[in-house]
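Asks: One structure, pasted below without further comment.
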Amino acid sequence: MSGLFIAFEGGDGAGKSTQANILAEKLSRQGFRSVLLHEPGSTTLGDYLRRYLIGDGPISNVAELLLFEASRAELMTDRIRPELEAGAIVICDRFTGSTVAYQGHGRGLDLEKIQWLNDLATHGRYPDLTILLDIVPAVGLERVHNRLFQLALPIGDAPDRFEDEELRFHDRVHQGFNRQADNNPKTWRKVEGNQSIGDVADVVWSTVYPMLPHLKVCSETV
Ligand code: TYD
0 MSGLFIAFEG GDGAGKSTQA NILAEKLSRQ GFRSVLLHEP GSTTLGDYLR
50 RYLIGDGPIS NVAELLLFEA SRAELMTDRI RPELEAGAIV ICDRFTGSTV
100 AYQGHGRGLD LEKIQWLNDL ATHGRYPDLT ILLDIVPAVG LERVHNRLFQ
150 LALPIGDAPD RFEDEELRFH DRVHQGFNRQ ADNNPKTWRK VEGNQSIGDV
200 ADVVWSTVYP MLPHLKVCSE TV
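Just so you know, we're using numbering that gives the first Met the number 0 here: the sequence shown kicks off at 0 and counts up by one.
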């Protein structure tokens, strides 16, 4: 598969969606074809599963894990693989790193089994670059709660099942993300999330830019 595959990871309130959007816009302004996706979701099945997964209906830890993997398997087959084969830059807001952090370190499910499921769902195609927006959980959660409060969102948009978890859960998730970044220095880049949006975007761009030139869209006709 050609193309370039970039994932954004981090705890709740780390600013992933904002940074993923900024990167996608910068890329298209520079003439690159980029596709912005998010997990869980971005397919018909994934959007359906997302509604349950981030809602507050009952679900066991193993069922939760399998639904995230089902959403991912569909996303890989339906969107990521075809886009990469067509030479696009795929930006994914969360990917396998979230399952390792939330279901593995957070819920305490077996990390080797999660790895096996991630391999199955992705066909072994992992991001070329994973940007971890690192933020202390208490700060991230405060951002989430302030955002909900400021927007005066209706009840359906109340904190989801993960945002509502106790701080100890988010501390484990945070450690899980950091461990992955430390164990995979060639493909993971940790960025301090507690700085201005513009400063984070600059670090993201300086990390992504050197990976781009061979993908530049050629506007000449032959
Ligand atoms: P979302 O609203 O997308 O949150 P965020 O904007 O913080 O990404 O909700 C996704 C939630 O699902 C988020 O709290 C993390 C969780 N999640 C997992 O627990 N495992 C996973 O594999 C993925 C992809 C997400």
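We put the CB at the ideal spot given by N, CA and C, even for glycine. Keep in mind the model is a prediction, meaning the values are calculated, not measured.
Output the residue ranges of the alpha helix (DSSP H) runs that lie fully inside the stretch 60-125 and measure 4 residues or longer, sorted by chain position.
Replies: Listed in chain order, they are 60-74, 80-84 and 110-121.
Asks: May I have the straight-line CA-CA distance separating Phe168 from Ser195, to the nearest angstrom?
Replies: Along the sequence shown, read from residue 1 onward, the residue named residue 168 stands at position 169. Along the sequence shown, read from residue 1 onward, the residue named residue 195 stands at position 196. If you take the alpha carbons of Phe168 and Ser195, they lie about 26 Å apart.
Asks: Tell me which residues pass a beta-carbon proximity test against the ligand TYD: closer than 5 Å to any heavy atom, given in chain order.
Replies: Every residue passing the under-5 Å Cβ criterion appears here: Asp11, Glu38, Ile53, Phe67, Arg93, Ser97, Thr98, Tyr101 and Phe161.
Asks: Taking the C-alpha atoms as reference points, what is the distance between Ile90 and Pro57?
Replies: In the sequence shown, counting from the first residue as 1, residue 90 sits at position 91. In the sequence shown, counting from the first residue as 1, residue 57 sits at position 58. Cα to Cα, Ile90 sits roughly 31 Å from Pro57.
Asks: Return the Cβ separation of Leu140 and Gly40 in integer angstroms, given the expectation that the two are a contact with Cβ distance under 8 Å.
Replies: Reading the sequence shown from its first residue, position 141 is the one you call residue 140. Reading the sequence shown from its first residue, position 41 is the one you call residue 40. That belief does not hold up - the Cβ atoms of Leu140 and Gly40 are roughly 22 Å apart, past 8 Å.
Asks: For Glu24, does the three-state DSSP call read helix, strand or coil?
Replies: Counting from one through the sequence shown, the residue named residue 24 turns up at place 25. Of the three classes helix, strand and coil, the one that applies to Glu24 here is helix, per DSSP.
Asks: How should Lys112 be labelled, buried or exposed, when 16 other C-beta atoms within 10 angstroms of its C-beta is the threshold for buried?
Replies: Position 113 of the sequence shown, counted from the start, is the residue given in the question as residue 112. Exposed, by the Cβ-count rule.
Asks: Less than 6 Å between C-beta atoms, sequence neighbours within five positions excluded: which residues of the same chain meet that for Val34?
Replies: Within the sequence shown, the letter at position 35 stands for residue 34. Result list for Val34: Glu82, Ala87 and Val89, in chain order.
Asks: Under three-state DSSP, which class holds Met210?
Replies: On the sequence shown, residue 210 is found 211 positions in, with the first residue counted as 1. Met210 falls in the helix class under three-state DSSP.
Asks: In three-state terms, what does DSSP make of Val203?
Replies: Residue 203 sits at position 204 when you count from the first residue of the sequence shown. Three-state DSSP puts Val203 in a helix.
Asks: What does the alpha-carbon distance come out to for the pair Ile5 and Gly123?
Replies: By 1-based counting over the sequence shown, the position of residue 5 is 6. By 1-based counting over the sequence shown, the position of residue 123 is 124. Their backbone Cα atoms lie some 15 Å apart in a straight line.
Asks: Three-state secondary structure (DSSP) at Asp127?
Replies: Here residue 127 is taken as the residue at index 128 of the sequence shown, counted from 1. Collapsing the DSSP output to three states places Asp127 in coil.
Asks: Going by the CB atoms, is the gap between Ala120 and Glu84 shorter than 7 Å?
Replies: One-based indexing of the sequence shown puts residue 84 at position 85. One-based indexing of the sequence shown puts residue 120 at position 121. Contact: no.
Asks: Using only alpha-carbon positions, find the residue among Thr42, Phe31 and Gly175 that is nearest to Thr76.
Replies: What you label residue 76 is simply residue 77 of the sequence shown in a count that begins at 1. Taking only the C-alpha atoms, the option nearest Thr76 is Thr42.
Asks: According to DSSP, is Ser33 helix, strand or coil?
Replies: Here residue 33 corresponds to residue number 34 of the sequence shown, with the count starting at 1. Taken through DSSP and simplified to helix, strand or coil, Ser33 comes out as strand.
Asks: Is Phe4 helix, strand or coil by DSSP?
Replies: What you label residue 4 is simply residue 5 of the sequence shown in a count that begins at 1. The three-state reading of DSSP puts Phe4 in strand, counting E and B together.
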